[in-house]
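Be aware that the sequence shown starts at 3, since it is given in my numbering, and climbs by one per residue.
Built from N, CA and C at the ideal position, the CB exists for glycine as well.
What follows is a short report on a single structure.
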Amino acid sequence: MAAQKIGFWLTAPGELQALAAKAHRLSDLQQVFLDSAPPQLARAGRVKNFRAGTLFLLVENATVAAKLRQLVPRLLVNIQKTEPEVTGIHIAVQVNLSTNQPASATEKSVLSHETIGKFSRLATRVPDQNLKSALTKLVRRRTKWP
């Protein structure tokens, strides 16, 4: 089979053209959502679908979902300025399990022997007793770990 550019398939009549049109529509709605919601909340959510006048949003956690649910009336007014066919908003939580999440609290990072030595020397020179104690505990714990 001869190789063809993907643009051919996306503009060809049929299912791919309908799919491309739907993806373009969702992309437009995503931009409207980003422009309408507070930036911190907009970054934590995305448009999942648009069906029968309802805009379906997926958000990262329950806190963002709760805050967006409080803002639905204001969001709906803002979105309807550019997309009047949107008559409702449904918010669902979908946890993102990306690799960009911080390491778990139980995971120990490895410090070099040189770094541990620097912390040890710093602990002997620090006048504050609380800081000295914390540094000493850190050195003691890290010398037990490989």
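Among the options, which has the Cα closest to the Cα of residue i?
i	options	result
leucine 78	Leu133, Pro129, Phe35, Leu28	Phe35
threonine 117	Thr126, Asn132, Val128, Val141	Val141
Tell me, which residues are paired with residue i by DSSP?
i	result
histidine 26	Answer by DSSP bridge pairing: none, since histidine 26 is not bridged.
threonine 56	Arg53, Gly90
arginine 48	Leu60
valine 95	Val61
At the level of alpha carbons, what is the spacing between residue i and residue j?
i	j	result
aspartate 130	alanine 25	60 Å
glycine 90	alanine 20	24 Å
lysine 134	valine 112	21 Å
isoleucine 80	serine 38	According to the sequence shown, residue 80 is asparagine rather than isoleucine. Their Cα atoms are separated by approximately 6 Å.
alanine 136	threonine 145	14 Å
glutamine 72	alanine 23	31 Å
alanine 67	lysine 7	40 Å
histidine 2	phenylalanine 121	In this structure the chain extends from 3 to 148, so residue 2 is not present and cannot be described.
valine 49	proline 41	15 Å
alanine 82	alanine 64	Residue identity check: residue 82 is glutamine in the sequence provided, not alanine. C-alpha separation (whole angstroms): 25 Å.
arginine 127	arginine 76	57 Å
leucine 124	threonine 138	9 Å
valine 74	glycine 16	36 Å
glycine 119	arginine 143	13 Å
Does the Cβ-Cβ distance between residue i and residue j come in under 9 Å?
i	j	result
glycine 47	leucine 70	yes
leucine 31	glutamate 85	yes
glutamine 96	valine 61	yes
Check: Just checking, does the segment 80 to 96 make contact with the segment 43 to 56 on the three C-beta pairs under 8 Å criterion?
Finding: yes
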